[in-house]
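Going line by line, the protein sequences match chains A and B. Quick note: the first sequence uses UniProt numbering, first residue 1, plus one each step. Quick note: the second sequence uses UniProt numbering, first residue 1, plus one each step.
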Amino acid sequence: MVLLKIKFPFQKRVRLAQGLWLLSWVAMFSGAITFAMGVFLKTELHRRSEVMHSMDIHIVPNLLMAVGLASVGINICAGKVCQDSLDPTRFPRWKMFLPPFFCFSVFLTSLLLVAMILSFALQPSLEESLKIGLKNGIRFYKDTDTPGRCFQKETIDRLQIEFQCCGNTNYRDWFEVQWISSRYLDFTSKEVKDRVRSNVDGRYLLDGVPFSCCNPASPRPCIQYSLLDNSAHYNYEYQSEELNLYNRGCRQALVSYYMGLMNTIGPCVLFDFLLQMTILVSLRYLQTAMEGVIGQENVEIETEGYILEKGVKETLLETKEKMKKLLQFARVGDASAVTPDTEPEADKPATA
Amino acid sequence: MVVGKMKLTFQKRVKLAQGLWMLSWFATLGGAVTFALGCFLKTELRRRGEVMDNTDIHCVPNTLMIVGLASMGINYFASRICQDALDPGRFPRWKTFLKPFYGCSVFFTTLMLISVILSYIMKGSLETSLKIGLKNGIRFYKDTDTPGRCFQKQTIDRLQMEFQCCGNSNYRDWFEVQWISNRYLDFSSKEVKDRIKSNVDGRYLIDSVPFSCCNPSSPRPCIQYRITNNTAHYNYEHQTDELNLFIHGCREALVNYYMGLMNAIGAVVLSVFLLQCSVLASVRLLQTSMEAVAGQENVEVDSEGYLLEKGVKETFMEYVDPVLKLLWLNEVTPAEAKAEAGTS
């Protein structure tokens, strides 16, 4: 039962080969663009890697880069094959090469779909990674004198300014950590001593946030300290104040940013996938149509092209048998190397 | 006294025409690039237009855009001329066109050079414009409730954060203006009343700066209030503290930014200028060598090409005379009309 049989007169074959050659060039560019987008996404993820705890999300750009490069190679081969296809003397040398080529290409092209699915599936993982990373960033904000953590403050400040966000979930995250280093606290002052005594761990906690949480769009000069104390500032009510600080948390801001990036990249990758599949299908038709011509005197006859000679199940079984035979060959090769002396013994009784 | 005389064999003429055709396409691209750079510079100047007092500096991108467009036209015609140059039948129709073409081309090409020089000359004007613009921006920082000025605060805050600068010349500019609006001042408090009484204009002046002056690279949480008071903060000496606020003034930061842009653009425009000059010189050589061949039976003969038939001064007067005559002609006719009226 042949799968998707199409009749190919000579003219149609020629047109198919020409169209496929052009399409393979377009797909090559598309593959290069996919690679470039993978590189861009990886750079963007790397830039904010200090506030990410795990690197799981990096599998998406890695896949895109690998498949982009591979697709450039696949399309170069496809172009070469269809250049040779209209010449019956040059076409047979591709015979052995094409079946594994098709398997390999279909596998790589399906990786594109996998990358797209992963970009949505890994969103919770990204969010979790950011949650832990930001929590650590906020915790080590004050440690500008500790080697390995001295740039946390600058990183978090610049992040909050650039993404217009404050804290992990919201600005209250800053109330729960001591973000002012003890080096800058006057421990002889009453206020400091009271605050340090007011909690079990002896931390200086206050209802204040760093300056990077301030919103420039506020009509009022920024209020960053005594945020929950209405009487500390003239004409101020913290419950109704919305413009003073950034409302979003940085986790939400970063997740939205990366999801936006991946949603933009998604359609391009989908387009590349469809283009690549079209090329592979057309190449298969061209190959099967040309195989009907090989060995014939008149090259311009009509032939049939198909995707699979037998049905899907039968083709899979056949491939399985082939793989088994290959594995057996390997084993038999080992076995015959181990027992060379049994053969002469078998010969001896005959000669004796 | 002929300028730039060169003997050109037939093969050389052919090579010159072909090379010129390629060169003129590159020069057209160069003209397009000049136009694009002019647009880019204009956009960048307009983005910060709110902190500039006048738009004098805009003459640089405007000139670049005009020159870019003109250069695209000039090079298009140059390519058409050299396409027709090797065909003696089609070349004569360009004869009357060439003189005004050269006049215009030389004018616009010098304008290209002038635009690069202008970008350096206008630096002083840009700096003055920014000085006044920033002074006003800082003065109206607090007026977020006045129509027409309500975005000054946001503009100045975003400017200081983006260019990592504070104030006009430095952070002390904020000490001289009241940047906190009266709406947020408690006039019943003693501190506010003292500060207002301490100066003639009754302004609330403090030794503090807005949050946008804070430097994220500082190891310490930002100190924006009571900057000059060492006792107000633990372990703080404002004379030695350099990382707390941004040190540069915004005027200096913006001038450096725009000068950097114009230096980069100037380098590109200079190379386009050189390309354009070589295109024009080649067209002139090709034209004069083809004119020597015109009318001859054997087209493949050697001929001489030159840049200018007479010397530079004489050629210049030749071009300028018709223009002057046009201007003087208008002056002469009223006098003639009076004389006629007198005699009649």
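Ideal placement from N, C-alpha and C gives every residue a C-beta, glycine not left out. Predicted, not measured: the structure shown is a model, and the values here were computed from it.
Taking the alpha carbon of residue i as the point to measure from, which residue in the options has its own alpha carbon closest?
i: R149/A; options: L63/A, V60/A, G137/A, V2/A; result: G137/A
i: S226/A; options: Y171/A, F101/A, Y141/A; result: Y171/A
i: T169/A; options: K95/A, S182/A, N247/A; result: N247/A
i: N298/A; options: L4/A, T43/A, P9/A; result: P9/A
i: I57/A; options: A121/A, L23/A, P221/A, Q11/A; result: A121/A
i: R203/B; options: R220/B, Q178/B, C222/B; result: Q178/B
i: N54/B; options: I114/B, K5/B, K142/B, K131/B; result: K131/B
i: W226/B; options: N168/B, G30/B, R183/B, F175/B; result: Per the sequence shown, the amino acid found at residue 226/B is Arg instead of Trp. For R226/B, the nearest C-alpha among the options comes from F175/B.
i: Y234/A; options: Y258/B, L159/B, P61/B, V192/B; result: V192/B
i: residue 346/B; options: L285/B, L324/B, D207/B; result: Outside the modelled stretch of chain B, which goes from 1 to 344, sits residue 346/B, for which no answer is possible.
i: L159/A; options: L205/A, G208/A, C213/A, C103/A; result: C213/A
i: T34/B; options: F273/B, I223/B, T315/B, K123/B; result: F273/B
i: C77/A; options: L316/A, L205/A, L280/A; result: L280/A
i: M72/B; options: Q276/B, M290/B, G19/B; result: Q276/B
i: L98/B; options: Y234/B, N199/B, L327/B, A281/B; result: A281/B
i: A27/A; options: I307/A, R195/A, V269/A; result: V269/A
i: K101/A; options: S71/A, V114/A, L118/A; result: Sequence inspection shows Phe at residue 101/A; the Lys mentioned does not correspond to that position. Looking at the Cα atoms, S71/A is the closest of the given residues.
i: D157/A; options: P219/B, V323/B, F163/B; result: P219/B
i: residue 356/A; options: D145/A, R284/A, L205/A; result: The question about residue 356/A has no answer here: the residues shown for chain A are numbered 1 through 352.
i: V106/B; options: Y319/B, L327/B, K325/B; result: Y319/B
Just curious, the alpha helix (DSSP H) that residue i is in, first and last residue?
i: G305/A; result: Counting along the chain, G305/A falls outside any alpha helix (DSSP H), though it belongs to the beta strand (DSSP E) covering 303 to 305.
i: M96/A; result: Run containing M96/A: none; DSSP gives neither H nor E here.
i: G31/A; result: 10 to 47
i: G266/A; result: 250 to 293
i: E304/B; result: Here E304/B belongs to no alpha helix (DSSP H); instead the beta strand (DSSP E) covers 303 to 305.
i: K7/B; result: Where K7/B is concerned, there is no enclosing alpha helix (DSSP H), although the beta strand (DSSP E) it sits in stretches over 6 to 8.
i: G133/A; result: 123 to 139
i: C213/B; result: Run containing C213/B: none; DSSP gives neither H nor E here.
i: G311/A; result: Per DSSP, G311/A belongs to no alpha helix (DSSP H) and is neither H nor E.
i: V177/B; result: Taken as a continuous stretch (DSSP letters only), V177/B belongs to no alpha helix (DSSP H), as it is neither H nor E.
i: Y152/A; result: Reading off the sequence shown, one finds Gln at residue 152/A, where the question assumed Tyr. Q152/A -> alpha helix (DSSP H) spans 152 to 163.
I want to verify the contact list: residues of chain A whose CB lies under 8 Å from the CB of residue i, in sequence order.
i: I180/B; result: P221
i: D173/B; result: Going along chain A, no residue has its Cβ under 8 Å from D173/B, so there is no contact; the nearest lies around 16 Å.
i: D145/B; result: P219
i: E157/B; result: Per the sequence shown, residue 157/B should be read as Asp rather than Glu. By Cβ distance, chain A contributes P216.
i: Y204/B; result: Those do not exist, as Y204/B stays about 11 Å from chain A at its closest Cβ, beyond 8 Å.
i: R90/B; result: What R90/B touches in chain A: nothing, since even the nearest Cβ is about 37 Å away.
i: R48/B; result: Under the 8 Å cutoff, chain A gives no residues; its nearest Cβ is about 15 Å from R48/B.
i: R195/B; result: Those within 8 Å of R195/B in chain A number zero; the least Cβ separation is about 14 Å.
So residue i contacts chain A; which residues on that side make the cut at Cβ distance below 7 Å?
i: F163/B; result: The contacting residues do not exist; F163/B stays about 13 Å from chain A at best.
i: Q152/B; result: The premise fails here: Q152/B is roughly 11 Å from chain A at the closest Cβ pair, so nothing lies under 7 Å.
i: D186/B; result: Y234
i: S217/B; result: E154
i: N62/B; result: Within chain A, no residue comes near N62/B; the closest Cβ sits about 32 Å away, beyond 7 Å.
i: M234/B; result: Residue identity differs from the one stated: residue 234/B is Tyr in this sequence, not Met. What Y234/B touches in chain A: Y184, L185, D186.
i: R149/B; result: By Cβ distance, chain A contributes nothing, its closest Cβ being about 11 Å from R149/B, past 7 Å.
i: R139/B; result: Neighbours of R139/B on chain A: none; closest Cβ ~15 Å, over 7 Å.
i: R13/B; result: Within 7 Å Cβ-Cβ: nothing; R13/B doesn't reach chain A, min ~39 Å.
Mind listing the chain B neighbours of residue i? Cutoff is C-beta to C-beta under 8 Å, in chain order.
i: F211/A; result: F211, C214, P221, C222, Q224
i: R47/A; result: Neighbours of R47/A on chain B: none; closest Cβ ~16 Å, over 8 Å.
i: D157/A; result: P216
Taking residue i as the query, report the chain B residues whose CB atoms sit under 9 Å from its CB, ordered along the chain.
i: D84/A; result: Those within 9 Å of D84/A in chain B number zero; the least Cβ separation is about 35 Å.
i: D145/A; result: P219
i: I180/A; result: R220, P221
i: I161/A; result: M161, P216
Hey, quick one: how far does the beta strand (DSSP E) through residue i stretch, first residue to last?
i: residue 354/B; result: Outside the shown range of chain B (1 to 344) lies residue 354/B, about which nothing can therefore be said.
Are the C-beta of residue i and some C-beta of chain C separated by less than 8 Å?
i: Y184/A; result: Given the protein chain composition of this structure (A and B), no chain C is represented.
Closer than 9 Å by beta-carbon distance: list the chain A residues that pair up with residue i, in chain order.
i: R80/B; result: In chain order: nothing, as chain A lies at least about 33 Å away.
* To do: Mind the definition here: the region 39 to 58 of chain B touches the region 17 to 24 of chain B only if three or more C-beta pairs lie below 8 Å; say whether that holds.
  => In short, these stretches do not touch, since the Cβ pair count stays below three.
* To do: Can you check the region 134 to 172 of chain B for any alpha helix (DSSP H) of at least 4 residues that lies completely inside it and give the ranges in chain order?
  => Runs of the alpha helix (DSSP H) inside the region 134 to 172 of chain B: 152 to 163.
* Asked: With contact counted as at least three CB pairs below 8 Å, one residue from each stretch, are the region 81 to 93 of chain A and the region 275 to 295 of chain A in contact?
  -> With the cut-off at 8 Å, the region 81 to 93 of chain A and the region 275 to 295 of chain A touch.
* Scan the region 166 to 240 of chain A and note each continuous alpha helix (DSSP H) run of 4 residues or more that stays entirely inside, going in chain order. => Qualifying alpha helix (DSSP H) stretches, in chain order: 190 to 197.
* Given 8 Å, three or more beta-carbon pairs between the region 89 to 103 of chain A and the region 164 to 178 of chain A -> Too few Cβ pairs lie closer than 8 Å, so no.
* Are the region 205 to 214 of chain B and the region 233 to 245 of chain B touching by the rule of at least three beta carbon pairs closer than 8 Å? -> They touch, by the three-pair rule.
* **Validate contact between the region 7 to 22 of chain A and the region 60 to 67 of chain A using beta carbons, cut 8 Å, 3 pairs** => Not touching, per the Cβ criterion.
* Would you say the region 178 to 190 of chain A touches the region 252 to 271 of chain A, given that touching needs at least three Cβ pairs under 8 Å? -> Not touching, per the Cβ criterion.
* Asked: Can you list, in chain order, the stretches of the alpha helix (DSSP H) that have 4 or more residues and sit fully within the region 260 to 304 of chain B?
  -> For the region 260 to 304 of chain B, there is no continuous alpha helix (DSSP H) assignment of 4+ residues that stays within its boundaries.
* To do: Would you be able to state if there are at least three C-beta pairs under 8 Å between the region 140 to 159 of chain B and the region 290 to 306 of chain B?
  => Contact between the region 290 to 306 of chain B and the region 140 to 159 of chain B is not established, with fewer than three Cβ pairs separated by less than 8 Å.
* Quick one: which unbroken beta strand (DSSP E) runs of 3-plus residues sit fully inside the region 50 to 90 of chain B? Chain order, please. => Scanning the region 50 to 90 of chain B for uninterrupted beta strand (DSSP E) segments of 3 residues or longer gives nothing; none is fully contained.
* **Length at least 4, wholly inside the region 94 to 126 of chain B: the alpha helix (DSSP H) runs in chain order** => You should have 95 to 121.
* Would you call the region 190 to 207 of chain A and the region 271 to 279 of chain A in contact, with 3 or more CB pairs under 8 Å? -> Proximity of the region 190 to 207 of chain A to the region 271 to 279 of chain A falls short of the contact definition, fewer than three beta-carbon pairs being nearer than 8 Å.
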